[in-house]
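There are 2 protein chains.
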Amino acid sequence: MTDNDPAPKKAPSRIQQRNRTRILDAALNVFSTHGYRGATLDQIAREAGLSKPNILYYFSGKEEIHVTLLNRMMETWLDPLKDMDPEGDPIEEILSYVNHKLDMAIELPREGRLFTNEILQGAPRMEPYLIADLKPLFDDRAAVILRWMEDGKIAKSDPAHLICSIWATTQHYADMAAQTVVLMPEQQKREDGAREFLNQLFSKLLTP
Amino acid sequence: MTDNDPAPKKAPSRIQQRNRTRILDAALNVFSTHGYRGATLDQIAREAGLSKPNILYYFSGKEEIHVTLLNRMMETWLDPLKDMDPEGDPIEEILSYVNHKLDMAIELPREGRLFTNEILQGAPRMEPYLIADLKPLFDDRAAVILRWMEDGKIAKSDPAHLICSIWATTQHYADMAAQTVVLMPEQQKREDGAREFLNQLFSKLLTP
DNA sequence: CCGCTTTTTTACCATTTGGTAAAGACACGA
DNA sequence: TCGTGTCTTTACCAAATGGTAAAAAAGCGG
Chain A
1 MTDNDPAPKK APSRIQQRNR TRILDAALNV FSTHGYRGAT LDQIAREAGL
51 SKPNILYYFS GKEEIHVTLL NRMMETWLDP LKDMDPEGDP IEEILSYVNH
101 KLDMAIELPR EGRLFTNEIL QGAPRMEPYL IADLKPLFDD RAAVILRWME
151 DGKIAKSDPA HLICSIWATT QHYADMAAQT VVLMPEQQKR EDGAREFLNQ
201 LFSKLLTP
Chain B
1 MTDNDPAPKK APSRIQQRNR TRILDAALNV FSTHGYRGAT LDQIAREAGL
51 SKPNILYYFS GKEEIHVTLL NRMMETWLDP LKDMDPEGDP IEEILSYVNH
101 KLDMAIELPR EGRLFTNEIL QGAPRMEPYL IADLKPLFDD RAAVILRWME
151 DGKIAKSDPA HLICSIWATT QHYADMAAQT VVLMPEQQKR EDGAREFLNQ
201 LFSKLLTP
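Right under this line is the structure:
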């Protein structure tokens with residue numbers, strides 16, 4: 001029984017892996033800055049160093065590339081939220097989430113912008129995913145935080161809006177980079193300053 | 001001397017006013033959801049109830065419409081920040097800014113998304129404006145807040161990142177509406193809850 | 001009602017868009 | 001070295017894109 005299952009999906013060749021990676025990377029650049037409709041296959045092809053028909057050999061169309069990127073992103077993106085441990089120290093857990101989220105915004109800004117673009121457009125391709133996956137996770141984490149509050153371990157506030165505010169403040173440094181760079185030209189101040197500030201902001205909120 | 005100055009720009013007729021308004025309103029819908037490149041003149045025309053050539057009778061091209069919208073938006077958008085009074089009560093002033101900004105995000109979400117879209121794209125049309133207008137205002141307000149901190153009137157933190165976090169948390173409710181609606185289906189909880197939460201968040205940060 | 005300006009429509013146009021068909025180049029095991 | 005399956009290119013296409021020219025229609029002051 002080597003690989004003869006109903007769906008005989010053979011392992012992708014080295015070339016396939018390389019080119020699919022190239023395409024997805026180029027597409028991430030284009031989709032994340034111009035949004036779905038503003039992105040063109042020609043630009044993706046140019047950036048990937050492949051011809052347009054060649055790209056359509058690997059993906060069935062523009063939409064499939066976009067969906068692939070979105071799915072891939074959501075997985076890594078939600079991880080830090082999943083990692084929040086209900087048994088851990090509440091303030092530590094939440095601050096650790098803040099810091100992980102900030103790391104991602106700084107290290108993977110394109111992924112962040114891809115998501116923001118999709119939501120700005122009204123989440124036409126993501127909505128089912130938001131309802132099926134994000135919402136349950138969100139509710140669950142909000143419930144965990146609420147329990148912490150009711151147990152008097154952290155100060156009371158609205159858990160849902162707390163999560164949103166963490167998302168918003170960290171995401172800001174990815175999405176609005178073009179603005180932030182103008183307002184705070186020195187990278188040091190931008191990144192380390194952001195971390196220190198956010199830790200202070202949420203520490204104060206959470207400390208009873 | 002009725003109107004014979006060097007540039008004899010006659011007053012726009014009623015028709016002109018009405019149609020320019022229609023066009024800008026339709027364009028705001030389209031640009032704010034699809035970004036500059038994703039927006040099409042055809043769609044703007046359809047939404048405005050005018051023909052495409054008719055639109056190009058009022059505006060010289062796609063870009064002029066976009067720029068007009070951006071300029072108009074920036075003016076109203078920066079007002080609340082300008083209104084912060086150095087002589088007023090610091091916490092009151094800052095919280096009032098938070099609340100005004102939140103009002104705008106809730107009442108004028110399209111304008112907010114228009115701006116976010118432009119920044120996501122790297123601010124190609126806005127950067128000069130950011131440098132010439134936003135930056136000086138931003139630095140000035142940061143300086144005001146810093147003075148308040150040094151005078152011991154509010155707790156110390158990074159003023160620049162404070163302003164950014166206010167921007168981020170309030171803007172979130174405009175930009176990410178499609179997500180927020182899924183996560184918090186009841187409008188009441190979304191809007192009033194946001195206000196209460198943000199007031200609490202920034203009160204705690206600022207109280208010495 | 002007339003004549004003149006403003007506004008709108010019709011008919012285009014070159015370019016770009018997402019996508020396809022089919023031939024050609026390539027890799028690689030037998 | 002050959003053949004077979006994988007990959008790439010060339011040559012297209014219909015539709016949509018931003019934009020134009022010019023004629024037709026609508027307003028409107030006199």
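Quick note, the sequences are listed as chains A and B, same order. Per our numbering, the very first residue in the first sequence carries number 1; after that it's consecutive. Per our numbering, the very first residue in the second sequence carries number 1; after that it's consecutive. Every residue gets a Cβ at the ideal spot worked out from N, C-alpha and C, and that includes glycine.
Under 8 angstroms from the C-beta of residue i: neighbouring residues of chain B
i: residue 180 of chain A; result: 164
i: residue 157 of chain A; result: 197, 200 and 201
i: residue 116 of chain A; result: 116, 120, 175 and 176
i: residue 138 of chain A; result: 183
Chain B contact residues for residue i, given Cβ-Cβ distances below 7 angstroms
i: residue 176 of chain A; result: 119
i: residue 113 of chain A; result: 120
i: residue 168 of chain A; result: 168, 169 and 172
Buried or exposed by the 16-neighbour rule on C-beta atoms within 10 Å, applied to residue i
i: residue 48 of chain A; result: buried
i: residue 94 of chain B; result: buried
i: residue 16 of chain B; result: exposed
i: residue 21 of chain B; result: exposed
i: residue 54 of chain A; result: exposed
i: residue 101 of chain B; result: buried
i: residue 141 of chain B; result: buried
i: residue 171 of chain B; result: buried
i: residue 131 of chain A; result: exposed
i: residue 169 of chain B; result: buried
i: residue 137 of chain A; result: exposed
i: residue 33 of chain A; result: buried
i: residue 179 of chain B; result: buried
i: residue 19 of chain A; result: buried
Extent of the continuous alpha helix (DSSP H) run through residue i
i: residue 37 of chain A; result: 14–38
i: residue 88 of chain A; result: Neither: residue 88 of chain A is in no alpha helix (DSSP H) and is coded neither H nor E.
i: residue 193 of chain A; result: 187–206
i: residue 183 of chain B; result: 177–183
i: residue 79 of chain A; result: 62–82
i: residue 56 of chain A; result: 52–58
Residues that residue i contacts on chain A, provided the C-beta gap is smaller than 8 angstroms
i: residue 105 of chain B; result: Residues of chain A passing the Cβ test: none, with the nearest at roughly 11 angstroms.
i: residue 127 of chain B; result: 178 and 182
Residues that residue i contacts on chain A, provided the C-beta gap is smaller than 7 angstroms
i: residue 194 of chain B; result: 161
i: residue 123 of chain B; result: 178 and 179
i: residue 135 of chain B; result: 182 and 183
i: residue 191 of chain B; result: Neighbours of residue 191 of chain B on chain A: none; closest Cβ ~11 angstroms, over 7 angstroms.
i: residue 204 of chain B; result: 204 and 205
Contact set between residue i and chain B, taken where Cβ atoms lie within less than 9 angstroms
i: residue 131 of chain A; result: 182
Using a Cβ-Cβ cutoff of 9 angstroms, what residues of the stretch 23–34 of chain B are near chain A? List them in chain order. 32, 33 and 34
Every unbroken alpha helix (DSSP H) within the stretch 100–170 of chain A, with a cutoff of 4 residues, ordered by chain: 109–120 and 135–150
Using a Cβ cut-off of 9 angstroms, which residues of the stretch 34–47 of chain B contact any Cβ in chain A, in chain order? 34, 35, 36, 37, 38, 39 and 40
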